[in-house]
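Below is one structure; the comments refer to it alone.
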Amino acid sequence: QVRLVESGGGLVQPGGSLRLSCSLSGNIISTYILGWYRQPAGSQRELVATIQYTHATNYADSIKGRFTISRDNARSTVALQMNSLKLDDTAIYYCYARNRYTGLEHWGQGTQVTVST
16 QVRLVESGGG LVQPGGSLRL SCSLSGNIIS TYILGWYRQP AGSQRELVAT
66 IQYTHATNYA DSIKGRFTIS RDNARSTVAL QMNSLKLDDT AIYYCYARNR
116 YTGLEHWGQG TQVTVST
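Going by the numbering used here, the letters in the sequence shown line up with residues 16 to 132, in that order.
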């Protein structure tokens, strides 16, 4: 069974930085596309970024140039470096894994990121 465990959320001022991490256990990481989604209060969950096993990346337009997704296949982890944070980045951030053969999706429990003065 695949399990995703996130860490690194918190409170930060506008313009600040945070780094989220997620560890994947229970299966072969090469099978999975990894990523991050977020859900602001009262809104739907939205894509932030994804990364393939080959390290090819895809970003939402709203965070391009500010956030960087990376993965360490040897350690089965995925990270999201968030710089120049804005008030609108406030949300619960979810780690995500999708089996690239079956399409089966897995989610972490979520970690709160709050950008506030």
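Don't be surprised by glycine CBs; every beta carbon is placed ideally from N, CA and C.
Asked	Found
Are E21 and Q124 close, meaning C-beta to C-beta below 9 Å?	yes
Three Cβ pairs or more, each shorter than 8 Å: is that satisfied between the region 111 to 119 and the region 71 to 78?	no
Starting from D87, trace the beta strand (DSSP E) both ways and give me its first and last residue.	F82 to D87
Shortest alpha-carbon distance to Q127 belongs to which of W51, T46 and R18?	W51
How is S45 classed by DSSP in three states: helix, strand or coil?	helix
Taking the CB atoms as reference points, tell me whether L26 and S131 lie closer together than 9 Å.	yes
Mind checking which residues open and close the beta strand (DSSP E) that includes Q96?	T92 to M97
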